[in-house]
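What follows is a single structure, written as structure tokens, with notes after it.
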Amino acid sequence: MSSPTLTERPTRSTLFDGLSRYIPIGATVALLAAMYLGGIANYPNFDNPQLIPDLFIGNAGLLIVAVGMTFVILSGGIDLSVGSVMAFSTMACAWLTVEAGLPASIVVPAVLVFGVLSGAFTGAIIHYFNVQPFIATLAGLFLYRGLTLQISDHDMSIRDIDFFSWGMQRIEFGDPRDGGFSLPYISFIAFGVVILAFIVLHYTRFGRSVYAVGGSEQSALLMGLPVARTKVGVYAISGFCAALGGVVAAFYTKSANPLAGVGLELDAIAAVVVGGTLLTGGAGFVLGTVAGVMVMGMLTTIIAFQGNLSSWWARIVVGVLLLAFILLQRVLARSGEKRKG
Amino acid sequence: MNLASPVQTAGGGRASAYFKRLMWPLIVLAALLIVNIAVTGFDFIVPSVHDGRLGGAFVNILRRSAPLLLIALGMTLVIATKGIDLSVGAVYAIGAAIACQYILNGDQSALGVVVTAVTLALAIAALIGAWNGAMVAYFGVQPIVATLILMIAGRGIAQLITGGQIPSVADDSPFVSIGRGAIATVPVPIIIGVAVFAALVLLTRTTALGMLLESVGGNPEASRLAGIRAKGITVLAYLIAGICAGLAGIIGAANLGSADANNGGLWIELDAILAVVIGGTTLLGGRFFLVGTTIGVAIIGTLEVTIINVGLSSQWQFTAKAIVVFIVAMLQSPEFRAWILRPFRTGRPGRTPAAHDPEKAPAK
Amino acid sequence: MSDEPIVQMTGITKDFTGVRALDGVDFTLRPGEIHAIMGENGAGKSTLIKVLTGVHSPDAGRILLDGEPVRFNSPGHAQAGGIATVYQEVNLTENLSVAENLFAGREPRLGPFINFRAMRRRAKALLSDIGVDLNVAAPLSSYSIATQQLVAIARAVDIDAKVLILDEPTSSLDREEVAVLLRVMRSLADSGCAMVFISHFLDQVYEICDRMTVLRNGTLVGEWATADLPENELIGHMLGREVETLDALDRRRPHDRPAQSTPLVSAAGLGRKGAVAPFDLDIHEGEVIGLAGLLGSGRTETARLIAGADRHDTGTIAFDGRRIGGHSPRTAAARGIGFCPENRKTEGLVGDLTVAENMILAMQASRGWARAIPPARRSELVAEFIDKLDIRPANPDLPVRHLSGGNQQKVLLARWMLIEPRLLILDEPTRGIDVGAKADIQRLVAELSDAGMAVLFISAELDEVTRLSDRIAVLRDRELIDILHEESDMTTDRIVDTIVTRGSAE
Amino acid sequence: GGGDDEGGGGSDGLVVGFAQVGAESAWRTANSDSVRDSADADDRIADLQFVDAQQQQEKQIEAIRNFITQKVDVIVLAPVVETGWTDVLTDAEQAGIPVILADRGIEEADEDLYVTRIGSDFVEEGRKAGTWTVEEFAENETTGILQLEGTVGSAPANDREAGFFEILDGEDFSYELVDSQSGDFTAEGGKAVMETFISTHGLEDIDLLYAHNDEMGLGAIQAIEEAGYEPGTDIQIIIVDGSKAGFQAGVDGKLNYIVECNPVFGDQLMDLVVQVADGADVEKFTPVVEDAFGVDEFEAELPNRQF
Ligand SMILES: Nc1ncnc2c1ncn2[C@@H]1O[C@H](COP(=O)(O)OP(=O)(O)OP(=O)(O)O)[C@@H](O)[C@H]1O
Ligand SMILES: Nc1ncnc2c1ncn2[C@@H]1O[C@H](COP(=O)(O)OP(=O)(O)OP(=O)(O)O)[C@@H](O)[C@H]1O
Ligand SMILES: [Mg+2]
Ligand SMILES: [Mg+2]
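The listed protein sequences derive, respectively, from chains A, B, C and D. Under our numbering, the first residue of the first sequence is numbered 1, with each subsequent residue one higher. Under our numbering, the first residue of the second sequence is numbered 1, with each subsequent residue one higher. Under our numbering, the first residue of the third sequence is numbered 1, with each subsequent residue one higher. Under our numbering, the first residue of the fourth sequence is numbered 1, with each subsequent residue one higher.
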């Protein structure tokens, strides 16, 4: 008997194979577009070309933090400390430059390095001592908020430090008065982080082992992948992103506020998950996170344009919109899966 | 044909494993209590009777922790199913708002009104819980997202109910005794806390619910194939969590005599999850420990008081909490204990030096 | 050819909480040899491998690799040290593509970036070497467990290692794949690679291995050259007693069923798009139906439709002559259909729960959560089945994930036997089970059917199928092509013949 | 309420964007209500775009950017914090939209970026409390003070503390700050802190409780009562804000001094908005009418309370 080749077709048909995992993100993007068109139809000036760029100004910090969070969640973990680390970084920038008089060109890199180290420390505790990520990073949430308040319980201005005026300088694309828009440097920092993250996640060994560890840590270990390095790495990246988010916040407001970013970790997690990443790890995209941040920003914008909602109706409407969004996303994704099956 | 196996098996594995899990949180709790006693004397722990009600610092901690305990207990069940419920803080606010507002609109001192108000609040809370569960079980939405929706919208709903005001119930309404009263000198919130704890322990451990929850959380697909109503059980867990959160809100509101839709139970979900995890239940689902959760709640409640008693400024409250959480987490980690103890037991036989680039800690 | 041993393990002891898995075991592997580790389920074979490759650290003992003392801290280090391993349960990441699984950690790169095109090309080539043709860009989760096992083997083979360890690589494979694998192993051995081979298939072991080390209850029984150890002696060493071997087990006496009784289960046009083409199948009480076919032929899918694990989208299924709507595992269990899935790790057991809890799960589910099984009754039942199926260690309170693979399978079996089903669907129940237990299970199936239970039996081992079945449904390309029922048809050759001829006819 | 979708720079009235802090207290809600009601009632205002920033500066900045995109006529901002407004207010200036600050202020260096500020002066409120304390306890040797702070790091908490101790220290008043803990501006927090304090320290060496807002004060009063003390007698109490509930407690004799912080300045604000939109010259600071009330004034003032 000649040995025949085993040709196994995957249960899911090959045609849609490459595409199947893009269905959630496709649904997200389609819904975003729908929201935007709905806004244009309902509100005057919603078609202002600055509207979309504005999403990437106000949310630049959140986007950066959410990218870091994407790494962590893809690896099957979670990082609750990002909001506090971000506030701490901003405050550290402010205190070191204003009170201690150090040059910003030293302070900013130092803060970023600190972010990496603190993240790596958390990651090491999580991996080597097998502490649940939720607990380890929750300790970080309390710790850095506490430290921030101990540096200063007042907001602190850093407008006099020249360095921090750089971030909000704008690049114009066309004349703002007729169809153009402008973006400050901080948005480009955010874009840079996204692109870098995309490349790292999809085209490097480290990135793929993040997915592998998220898929099954046990298997990744048995396959001989560097699980320790990967897990410590994702928290270091998240720490770095949180610190960078803090620096961007310093650029954005030229001030440090000890209560900044309270609850930001939830916004970041929400953005990541709305963007189609599974909280259980192993599946998702960093571009989905971008879409997730845009969804959250777009919801806020629509509420602002609606303008007549009381505080509580605003919350309820955000909740309802989010609900509609999630359900539609599920329905689209499910019918997509059906079509493939 | 069964040969006696020379391999020794562990006897009574479960009970001792259970105790081991709880030992470290208990030690931390004891340490906190000792710190408080050292600072404020034995009065701290000794209950006193005042106005026909037990008082004293420790009893107060227990009484004030009752809402957190309820929420954490409900959260334990949800976490056992591999889920998480972020909306409990909002449900707390809704429960409080409904109860207070309903009483305000009726005859404040009528017992019937109060009973109806409480029932109504609990029913709505249960409904919200069931909704969360349905989103997770039937629509396949990730728990964190499903409950995030109500975490955001829920406070809005609570504010809508109160019109953004803080409705306050008159001090003579029977309602406030849910928060401030005492039965046989034991404060009512403690009684409710103990009762709910006992009820949940009975519900999960004398029936098979506990095991089925653990099964669904541990391996949903295997549970489904074993014929378990995984979806129904998931919904039930969220529903219980909702009721617990609503009840917590009622106790909180009764204690204050008012419902603050915006701040009531703010961030209590984080504390609740923390208590659950300190108590030894992992967020990965599966095994859960209601007793552990109770100890976790006691630690958190005592910690807050400790900060005040030791005389730390408010700025310290976060840092101190971080330190205690960190200590508990480390003590619970066998790997950490092994690592710390390692210098004390070198030179064990059979330990050959590693030839290949050793990592810092043993692989799992 | 054997000069200096390449791996030498001496005095290896490993304790798990409450269990001594290895007790002073010695093991020696010489260059270029294929060395079998033999033993019953739970004897400690996998643990020995895991100690060697750094998954577990030994409590005592030393390991020499090429004469140098080593202590690996993780499989990654072992791999870097020249030891490639396929572990017993398939340990790959299902969320990544086939190609990524093959090359995870050693992807071909362009500068710092992964060269996906080269990776896919090499993956295709690598798989075709062992006779598999897959869409390497598809996620691994879309392939059956057998295919996943092949991928795992391909991955390990491709790592250029001096030592290759295969822990039950053949448990899901059918004879074609096994033949290919053995061929690959032989050529690797010729090129000087030392191999450890663990398998419960004695014929495979005898076919390919040079030496064997036998373990029993965590202790070393001895090491022999294959030629010096006849099969029945080997079994004696493994089990510590004499047993009748499988060959001694007769073909089950076929069941004569009443001519026109209502079938217990009757599937008409049952099918699911993309999984299995519509088929008709009647199952009668007391009847054993075998499902035969090649890898990926749709046996599992057929079983899942009957069990209600997947929703069918064409046809109907009737139970006791009555059509059932809303067929689901729960309603199926309520009607007395038990289903042991093939992938016990992901679909069968709840790893964190204890042996006892896993056993009573289905029984409890059918009673509903409110009526717990009384503790006394429960421990009685559990003890009975632990004894009946010889589950080791006989500790009902151990988390089931701590059990060896074969014992886990028995726990799963016990779960369904507990509800005394009218139809038991067994998808690869003998996978990873030792000779003794395999005989036990086969005997059990025969007993159960004699007692009136219907059994749907799936196994990659056609011998087993033919030995047990009253009728055999043959599948090919996800289509039920024939149902063999003549006594004379119950042979391996007939089945293979059916698959080949009916396939080429179309 | 039925919103007018036309909005956007219609000629029949002004479109005003209001970036509110949040809905964190009854005071704040009363403030939002007042502004919204006044805008509704005012013919000169076509539309009020209201955004609740949930106490986050980033959200407020985003809201202002959205107002600029929407091309509103006037922006009203109730800043969460003092610093960090330069860029976004510069944007508004470049878009030609005047900005009015409501309630809280921003750092001095940004004074050019807004037209005027209407609101309370938290430091002044602290001073009022301090002045009363100095007078009331003038005979005491040392006065034991317990402070219930607002949310740590928030502007009202910081300022009310600063103003209070500015007076106490300035007057060489002899006092001991026995403890100062945050009650997060909530009744829950106030009650918890007070309970703990009483159960471990008792109230013997405390003469005065200074609570940064009503809710914390009312929570603390409950704790005091439950511990068997008489609030207002065994311990003197100052609260800031002056809601109905606060005054009611005052009338019941449970507290001793209320520093008003008036949220109901919607009408005043709308007049300002119109003036600013017309380009009229206005003062840089428009104080909201605020008072402080002693024990004998509570009864008379209670009916005037609007929140
Ligand atoms: N992580 C663990 N914790 C506790 N006990 C374990 C663990 N892993 C294995 N054991 C126990 O060690 C013993 C040896 O198991 P092992 O998996 O090595 O058996 P095996 O020879 O590979 O059996 P099989 O043929 O069934 O695969 C068993 O009794 C098993 O229950
Ligand atoms: N768990 C699963 N998830 C997704 N697809 C699966 C799964 N199991 C099987 N399949 C798919 O169903 C097809 C039919 O395989 P099935 O497992 O039914 O065949 P089989 O004859 O039982 O073979 P095997 O020996 O692999 O069990 C396979 O091609 C495989 O791609
Ligand atoms: Mg094994
Ligand atoms: Mg199969």
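Note that beta-carbon positions come from the ideal geometry of N, C-alpha and C, so glycine has one too. Since we're looking at a predicted model, the values are computed, not measured.
Using a Cβ-based criterion (distance less than 7 Å to any ligand heavy atom), does residue i qualify as near ligand 3?
i              : result
G405 (chain C) : yes
Q88 (chain C)  : yes
D387 (chain C) : no
S172 (chain C) : no
D167 (chain C) : yes
S379 (chain C) : no
S199 (chain C) : no
Starting from residue i, find everything on chain B with Cβ-Cβ shorter than 7 Å and list it in chain order.
i              : result
A333 (chain C) : G227
E347 (chain C) : E221, A222, L225
S118 (chain A) : Residues of chain B passing the Cβ test: none, with the nearest at roughly 12 Å.
F197 (chain D) : I308
D87 (chain D)  : Those do not exist, as D87 (chain D) stays about 28 Å from chain B at its closest Cβ, beyond 7 Å.
Quick one: which chain A residues come within Cβ less than 8 Å of residue i?
i              : result
E335 (chain B) : Y128, F129, N130
I61 (chain D)  : G58, Y252, T253
How would you list, in chain order, the residues of chain A whose beta-carbon sits under 7 Å from the beta-carbon of residue i?
i              : result
A329 (chain B) : V131, I135, A136, A139
Going by alpha carbons, who is nearest to residue i out of the options?
i              : options                        : result
T137 (chain A) : A:I57, A:I78, A:L112           : A:I78
L270 (chain B) : A:L201, A:S89, A:P49, A:L141   : A:L141
Q88 (chain C)  : C:F16, C:A78, C:H35, C:G44     : C:G44
L321 (chain A) : B:V324, B:I149, B:V46, B:I27   : B:I149
P139 (chain C) : A:E172, A:A283, A:Q329         : A:A283
I238 (chain D) : D:E195, D:G150, D:L209, D:M216 : D:L209
K273 (chain C) : C:D190, C:E285, C:T314         : C:T314
F285 (chain D) : D:D43, D:Q248, D:G105, D:A92   : D:G105
Name the chain C residues that come within less than 7 Å of residue i, Cβ to Cβ?
i              : result
S386 (chain B) : With chain B represented from 1 up to 364, any question about residue 386 (chain B) goes unanswered, as that position is not in the structure.
G215 (chain A) : T93, E94, N95, L96
Please determine whether the Cβ atom of residue i lies at a distance below 7 Å from any heavy atom of ligand 1.
i              : result
G24 (chain C)  : no
G39 (chain C)  : yes
R431 (chain C) : no
T219 (chain C) : no
Note down, in chain order, every chain C residue with its Cβ under 8 Å from the Cβ of residue i.
i              : result
G288 (chain A) : Neighbours of G288 (chain A) on chain C: none; closest Cβ ~15 Å, over 8 Å.
Q218 (chain A) : N91
List, in order along the chain, the chain C residues whose C-beta lies closer than 9 Å to that of residue i?
i             : result
I84 (chain B) : Simply none; closest approach about 18 Å.
Kindly list, in the order they appear in chain D, the residues whose Cβ is closer than 8 Å to that of residue i.
i             : result
A93 (chain B) : By Cβ distance, chain D contributes nothing, its closest Cβ being about 11 Å from A93 (chain B), past 8 Å.
Notebook entry, point to check: Which of the residues in the region 110–125 of chain D, read from start to end, lie with their CB under 8 Å from any CB of chain B?
Noted result: From the region 110–125 of chain D, no residue has a Cβ closer than 8 Å to chain B.
Next item on the list: Select from the region 19–53 of chain D all residues with a C-beta closer than 9 Å to any C-beta belonging to chain B, and list them in chain order.
Entry: Flagged, chain order: G22, A23, E24, S25, A26, R28, T29, A30, S32, D33.
Checklist line | chain A contacts made by the region 55–71 of chain C, where a contact means CB separation under 8 Å | finding: V55
Next item on the list: Closer than 7 Å, Cβ to Cβ, to anything on chain B: give me those residues from the region 71–105 of chain A, in chain order.
Entry: none
Margin query: Can you pull out the residues from the region 266–293 of chain B whose beta carbon lies closer than 8 Å to at least one beta carbon of chain C?
Written below: G286, R287
Note to self: What are the residues in the region 139–171 of chain A lying within 7 Å of chain B by C-beta distance?
What the structure shows: A139, F142, L143, R145, G146, L147, L149, Q150, D153
Next item on the list: Could you run through the region 185–213 of chain A and flag, in chain order, every residue whose CB is less than 9 Å away from some CB of chain C?
Entry: I199, H202, Y203, T204, R205, G207, R208, S209, Y211, A212, V213
Item checked: Residues, ordered as in the chain, of the region 169–186 of chain D that lie near chain B by beta-carbon distance below 8 Å -> D179, S180, Q181, S182, D184, F185, T186
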